[in-house]
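Numbering (my numbering), first residue to last: 568 to 825. What follows is a short report on a single structure.
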């Protein structure tokens, strides 16, 4: 599955707010080495650099388009930032990390029961793993997406389709508490105002949740699927096409300090 950096950054301000809140919850301490797992177009890496002004930072992503966009950011074009194309599931740090950030990336990686302990093992003593993952599978945008994909002409195409499992906050506390000195877990629902009615909701998810669905379709199929999805969402986001809608978006946060 490929990603579109330009599509993702259309809502950059709203997508960046959670990473600011996440890093604000990390206890201050000297950070020499930090990694941004799933750096995307670099918005989260910029926040990490501001939070850790004296650190060497690795910005890692599996997608070349995302890394290309990140490299173009002037604030990231500095010697202390290194870019790496790699799969999070296969990643191991070259040296112990004082801070590992994963903002809206680990939900695409399965087997959290082994992934999270592996990431904690990459930390230095006193280092922190800071993770934010969407927890919105029960929200209208995802429910309608599953309904459309499971109906009519699309049912056969998506019969074997599934996303990696997601877990509630207690899962992460119980998993990480035996491995860490401190584990903070919380859930926050953001309400993002989007200008443009239901079309804005579709555009938001074209940069994230829709990607694996659209990857299975040819261009004509993508157009037809998006049209049906857009119509299905009108029941949840009523109003004129130029109205402002409020997109509710729950997220789970974890800060685990070794």
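Glycine included, every Cβ here is placed at the ideal spot set by N, Cα and C.
- Assigned with DSSP and collapsed to three states, residue 657 falls in helix.
- The DSSP-derived three-state label of residue 754 is strand.
- In the same chain as residue 654, and ignoring 5 residues on each side of it, the C-beta atoms closer than 6 angstroms to its own belong to 629, in chain order.
- The beta-bridge partner set that DSSP reports for residue 627 consists of 604 and 651.
- Counting only residues of its own chain and dropping the five nearest sequence neighbours on each side, residue 590 has a CB closer than 8 angstroms to the CB of 614, 615, 618, 668 and 697.
- Runs of beta strand (DSSP E) with 3 or more residues, each lying fully within the region 739-801, are found at 749-762, listed in chain order.
- Residue nearest to residue 825 within the set 799, 751, 639 and 796 is 751 (criterion: CA-CA distance).
- With a cutoff of 8 angstroms on beta-carbon distance, residue 820 and residue 703 are scored as not near each other.
- Take residue 749, set aside five residues on each side of it, and the residues of its chain with a beta-carbon closer than 7 angstroms to its own are 824, in chain order.
- By the criterion of at least three beta-carbon pairs nearer than 8 angstroms, the region 732-741 is in contact with the region 674-692.
- The Cβ atoms of residue 711 and residue 800 sit closer than 8 angstroms to each other.
- Shown here, residue 728 sits in coil according to DSSP, grouped into three states, outside any helix or strand.
- Shown here for residue 761: same chain residues with a beta carbon closer than 6 angstroms to its own, the five before and five after excluded, namely 767, 812 and 814 in chain order.
- For the options 809, 742 and 744, the alpha carbon positioned closest to that of residue 763 is the one of 809.
- Counted as a single uninterrupted DSSP element, the stretch harbouring residue 817 is not any alpha helix (DSSP H) but the beta strand (DSSP E) occupying residues 811-824.
- Beta-bridge analysis with DSSP links residue 700 to 819.
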